[in-house]
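Colleague: One structure is given below, represented as structure tokens, and several questions about it will come after.
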Amino acid sequence: MKVGVLALQGAVAEHIRLLEAAGAEGVVIKKIEQLSDIDGIVIPGGESTTIGKLMRRYGFIDALRDFSGQGKPLFGTCAGLIVLAKEIEGQEEAHLGLMDIKVARNAFGRQRESFETDLAIKGIDEHVRAVFIRAPLIEEVRDGVEVLAVYNDEIVAARQGHLLAASFHPELTDDHRMHAYFIDMIHQTK
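Note that the sequence shown covers residues 156 to 345 in the numbering used here.
Shown next as structure tokens:
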């Protein structure tokens, strides 16, 4: 199984490492033509406005919407979550607009308010170490969206069919279970 990591910004090598630890072949995705060769894709963290601009510049908006339309799974972490969302608080236009959630950017504060915690995640037996860096928050989930994790009564991970989103950075730990969860999602769609 080949799983891509969108390589426009963010911790690409770290996601590749954990995808491979979870049993998939990780592929760095820099061109839309590469999407036809993969079974799922991770959209990593970074700065969501910058990622959105680069996606528009290189044709990834329509290409990833088509990819999703084929039922192929997408996993957005931190800024990647924002990129997947249908609604972004205080912003007129969504990026991909695929996942029926409303998100708030930088909801957990500035860089100095970054933190780590152990999270219970639905579908994963033991707690997962979660790294929050200027993290977004899922303010609302709508029909068909399943909440997978909360922190201080706030939603930090969710799934909608073939779409997975996390406010945190699972790639910044040695725990590959979130990536294994995503790979299991890909197996379910095949």
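We put the CB at the ideal spot given by N, CA and C, even for glycine.
Note that the structure is predicted; figures quoted are calculated from it, not measured.
(1) Please report the residue range of the alpha helix (DSSP H) in which lysine 208 lies.
(2) Starting from threonine 344, trace the alpha helix (DSSP H) both ways and give me its first and last residue.
(3) Which residue's Cα is closest to the Cα of valine 286: Glu326, Ile338, Gln315 and Val160?
(4) Would you mind sorting alanine 275 into buried or exposed? The rule is 16 or more other CB atoms within 10 Å of its CB.
(5) Can you tell me which residues form a DSSP beta bridge with arginine 314?
(6) So alanine 259 and alanine 249 are supposed to be a Cβ contact under 8 Å. How far apart are they, rounded?
(7) Tell me the rounded alpha-carbon separation between glutamate 242 and isoleucine 216.
(8) Where does serine 191 land, buried or exposed, given buried means 16+ other C-beta within 10 angstroms?
(9) How would you label glycine 226, buried or exposed, when you count the other beta carbons within 10 angstroms and need 16 or more for buried?
(10) For alanine 179 and methionine 210, I'd like the C-alpha separation in whole angstroms.
(11) Please confirm whether leucine 229 and glycine 207 have their CB atoms less than 8 Å apart.
(12) Spatial neighbours of isoleucine 184 within its chain, please: C-beta separation below 8 Å, excluding the five flanking residues on both sides.
(13) How many Å lie between glutamine 164 and glutamine 343 at the Cα?
(14) Could you please give me the residues that DSSP links to aspartate 273 through a beta bridge?
(15) What residues in its chain sit with their C-beta under 6 Å from that of glutamate 175, if we drop five residues either side in the sequence?
Modeller: According to the data block:
(1) 203-212
(2) 332-344
(3) Glu326
(4) exposed
(5) Glu301 and Leu319
(6) About 13 Å; that fails the 8 Å criterion.
(7) 16 Å
(8) exposed
(9) exposed
(10) 25 Å
(11) no
(12) Gly159, Val160, Leu161, Ala162, Leu190, Ile193 and Ile196
(13) 28 Å
(14) Arg284
(15) Gly181
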